[in-house]
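Enquirer: Protein chains in written order, with the UniProt record's numbering: chain A, 1 to 139; chain B, 1 to 425.
Don't be surprised by glycine CBs; every beta carbon is placed ideally from N, CA and C.
Just so it is clear, the structure is predicted and the values come from calculations on it, not from any experiment.
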Ligand SMILES: Cc1ncc(COP(=O)(O)O)c(C=O)c1O
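#1: Please find out if some non-hydrogen atom of ligand 1 comes closer than 7 angstroms to the beta-carbon of residue 383(B).
#2: Using CA coordinates, which residue listed in 127(B), 140(B) and 356(B) is at the minimum distance from residue 151(B)?
#3: How about residue 303(B): is its C-beta nearer than 8 angstroms to some C-beta of chain A?
#4: Check whether the Cβ atoms of residue 80(A) and residue 104(A) lie closer than 8 angstroms to each other.
#5: Could you pull the start and end residues of the alpha helix (DSSP H) that residue 362(B) belongs to?
#6: Do you know offhand how far residue 95(B)'s Cα is from residue 363(B)'s?
#7: Can you list, in chain order, the residues of its chain with a C-beta nearer than 6 angstroms to that of residue 127(A)? Leave out the 5 residues immediately preceding and following it.
#8: Helix, strand or coil: which one does DSSP assign to residue 399(B)?
#9: Do residue 87(B) and residue 403(B) count as a contact pair if the criterion is CB distance below 8 angstroms?
#10: Could you list which residues in chain A have their beta carbon closer than 7 angstroms to that of residue 194(B), in chain order?
#11: Quick check on residue 79(B): buried or exposed, where buried means 16 or more other Cβ atoms within 10 Å of its Cβ?
#12: Nearer than 7 angstroms: is that true of the beta carbon of residue 81(B) relative to any heavy atom of ligand 1?
#13: In whole angstroms, give me the CA-to-CA distance for residue 48(A) and residue 30(A).
#14: Using the three-state DSSP reduction, which class does residue 31(B) fall into: helix, strand or coil?
#15: Taking DSSP as the reference, what is the three-state secondary structure of residue 282(B)?
#16: Could you tell me whether any non-hydrogen atom of ligand 1 is closer than 7 angstroms to the CB of residue 243(B)?
#17: Leaving out five residues before and five after residue 424(B) in sequence, what residues of the same chain have Cβ atoms less than 6 angstroms from its Cβ?
#18: For the segment 66-85 of chain A, list every residue whose C-beta sits within 9 angstroms of some C-beta in chain B, in sequence order.
#19: Between residue 103(B) and residue 91(B), how many whole angstroms is the CB-CB distance? I'm expecting something under 8 angstroms.
#20: Going by other Cβ atoms of all chains shown within 10 Å of its Cβ, with 16 needed for buried, is residue 17(B) buried or exposed?
#21: Specify, as a first and last residue, the run of the beta strand (DSSP E) that residue 32(A) falls within.
#22: List the residues of chain A whose Cβ lies closer than 7 angstroms to the Cβ of residue 394(B), in chain order.
#23: Report the partner residues of residue 63(A) according to the DSSP bridge assignment.
#24: Is residue 351(B) near ligand 1, going by C-beta to nearest heavy atom under 7 angstroms?
#25: Quick one: measure Cβ to Cβ for residue 312(B) and residue 97(B), integer angstroms, because I've assumed they're closer than 8 angstroms.
#26: Roughly how far, in whole angstroms, is the beta-carbon of residue 186(B) from the beta-carbon of residue 213(B), given that I think they are within contact range, below 8 angstroms?
#27: Against residue 8(A), what residues of chain B qualify as contacts under a CB-to-CB distance less than 7 angstroms, listed in chain order?
#28: Report the residues of the segment 97-111 of chain A with a CB closer than 9 angstroms to any CB of chain B, ordered along the chain.
#29: Give every residue of the same chain whose Cβ lies closer than 7 angstroms to the Cβ of residue 116(A), excluding the five residues on either side of it in the sequence, and list them in chain order.
#30: Give me the chain A residues within the contact set of residue 217(B), using Cβ-Cβ distance strictly less than 8 angstroms, ordered along the chain.
#31: With a CB to CB cut of under 6 angstroms and the five nearest residues on each side skipped, what residues in its chain are close to residue 249(B)?
#32: Got a sec? Which residues, its chain only, sit under 7 angstroms from residue 111(B) by beta carbon, not counting five neighbours each side?
#33: Taking all protein chains shown into account, decide if residue 50(A) is buried (16 or more other Cβ within 10 angstroms of its Cβ) or exposed.
#34: Residue 206(B) to residue 162(B), Cα distance in whole Å?
#35: So the beta strand (DSSP E) residue 69(B) belongs to, where does it begin and stop?
#36: Considering only heavy atoms of ligand 1, list every residue whose Cβ is less than 5 angstroms from one of them, following chain order.
If you want it as structure tokens, here you go:
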């Protein structure tokens, strides 16, 4: 069968049904919200940094949306711990699909990358590089 | 379930006119058309978005390009005359189809959306002011909702929305309150593309006319699926798109009562819509050409008439019966699952589409999984975001039927939904 069936492998369904690091963090160093207006997916990412101000110590997220966006955010929350914010900024779409371990059909890529985009924009806002209230993905 | 009872067209012979229905899907989507990896038979249930195009309509397009391609209204040469006659007669055919008086009342537009914008701009922006109101329904498609909302902002006219009730029908008491002496235009969707509701357009026409307001009917989903007669509906304007009724994209129609279109200023300026131009002044061409500036979609216009011939041949009454049966069957089968919510009114007051959600499964996930089974449905807000806000869901999945769909295809849909339920359980 096609791309889609692979999209719902056990790992994705598992992260969707049992999201990791789900919840809001108290006093995060970085916090940001974003949405896919066309799907209605919303994600909030909270990040706590280590004392060096560079290394990501912990990540939490909350949100509402499809299995792809939620599973991707859940996996990302695990993956980011221990990375530097520089490394976070370098994550691209391929890194996200690799992390998911499945082929994402073109129409669903924006679901998969929402969590990453929110985390990256959160860092940029913290650094004063951009000024947005809410990340919105393109259609 | 037996579909053939009580009406007389053979779905299998209709299907034979649509080679695309034999497509297999499932492979790489970056190269269009069937490829070696496509291995799953297509079950196409996204007809409210667009329908497929039967061979006679594809032939009409090919015949034009192969045999008499020329610009219209511009040449004395034979090809231009042939193209002009065919293009003009296409207006007559479409006029006859919806009970209009003649070609003067049929303007070819790009689609329903452009027809809505034409009236909003050519009439609304000029005629409306802060003392006026425009009345819409809460289930309007964005093509009418956004258009009149923006006209309201620019003219100061009050834009009011007739409430959609719990069961997906309009609150007609509220309609009677909304439509008052300030009302200049009522714009209502005939068959809702989101809920399937069939709205009481005749009653709305009477309410509008009692207050000297006009009624604009969005016929995008109704004209393709049932007999529509503008006089019976009491419509002053009616808009619809060819691509939802076996025709090509890029062409649609605005019906307007002749005296109204006559009184309206043009919407677009340019060639073809003028009679006499000096450096200072211009006089307009007759109806409907006054509203068709520039080289029109000629092949598409001609093919629009071929599409009308095609659906008329099948029979609009038969099409309605067929759609009703499929929608009722789908509605019944989906109601078997207690974790499936079906939106909109019950059987006898709905058109041939069913919108639904499965508890715990986002509509986009659902439609991805259905796609794995070759089942094409739409998932999203169906260009009715405010209505979805009201329903409290970001998205719904929608299966919509047309003349070539079968009971077996509804069964395939239900089976795929069942698998999605189990996957996410
Ligand atoms: C009820 C309704 N109105 C308007 C439209 C707009 O049609 P089009 O996109 O062809 O302009 C559609 C379909 O998309 C529709 O279903």
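Expert: The answer reads as follows:
#1: Yes, ligand 1 has a heavy atom inside 7 angstroms of this Cβ.
#2: If we check each option's Cα against that of residue 151(B), 127(B) comes out closest.
#3: No, because no Cβ of chain A sits closer than 8 angstroms to the Cβ of residue 303(B).
#4: For residue 80(A) and residue 104(A), no; Cβs fall outside 8 angstroms.
#5: Run containing residue 362(B): none; DSSP gives neither H nor E here.
#6: Residue 95(B) and residue 363(B) have their alpha carbons spaced roughly 39 angstroms apart.
#7: The answer is none, since no qualifying residue turns up.
#8: If DSSP states are grouped into helix, strand and coil, residue 399(B) belongs with the strands.
#9: Residue 87(B) sits away from residue 403(B), with the two beta carbons spaced by 8 angstroms or more.
#10: Chain A residues near residue 194(B): none, gap ~15 angstroms exceeds 7 angstroms.
#11: When all chains shown are included, residue 79(B) counts as exposed.
#12: With a cutoff of 7 angstroms, residue 81(B) does not count as near ligand 1, since its C-beta is closer than that to no heavy atom of the ligand.
#13: Each residue's alpha carbon lies about 7 angstroms from the other.
#14: Residue 31(B) falls in the coil class under three-state DSSP.
#15: Judged by DSSP in its simplified three-state form, residue 282(B) adopts strand.
#16: Within the cutoff, so yes.
#17: The residues are 360 and 361.
#18: Residues of the segment 66-85 of chain A that bring their beta carbon within less than 9 angstroms of a beta carbon in chain B comprise 66, 67, 68, 69 and 70, in sequence order.
#19: Yes, they are in contact, since the Cβ atoms of residue 103(B) and residue 91(B) sit about 4 angstroms apart, within 8 angstroms.
#20: Counting the other CB atoms within 10 Å of its CB gives residue 17(B) a total of 16 or more, which places it among the buried residues.
#21: Element bounds for residue 32(A): 30-36.
#22: Chain-ordered, the chain A residues with CB closer than 7 angstroms to the CB of residue 394(B) read 39 and 40.
#23: Beta-bridge pairing by DSSP links residue 63(A) to 43(A).
#24: Not so, every heavy atom of ligand 1 lies at least 7 angstroms from the Cβ.
#25: Confirmed, Cβ separation roughly 7 angstroms.
#26: About 6 angstroms separates the two Cβ atoms, so the contact holds.
#27: Per Cβ cutoff of 7 angstroms: 369 and 423.
#28: Here the close residues are 105, 106, 107, 108 and 111.
#29: The residues are 76, 91 and 96.
#30: Neighbourhood of residue 217(B) in chain A, by CB distance below 8 angstroms: empty, with the nearest CB roughly 28 angstroms away.
#31: Excluding sequence neighbours, residue 249(B) sits near 243.
#32: Closer than 7 angstroms at the Cβ level, and outside the excluded window around residue 111(B), lie 241 and 252.
#33: So residue 50(A) counts as exposed.
#34: About 15 angstroms.
#35: Where residue 69(B) is concerned, there is no enclosing beta strand (DSSP E), given that its DSSP letter is neither H nor E.
#36: If you measure from each CB to the nearest heavy atom of ligand 1, the residues under 5 angstroms come out as 111(B), 112(B), 113(B), 141(B), 143(B), 189(B), 193(B), 218(B), 220(B), 221(B) and 241(B).
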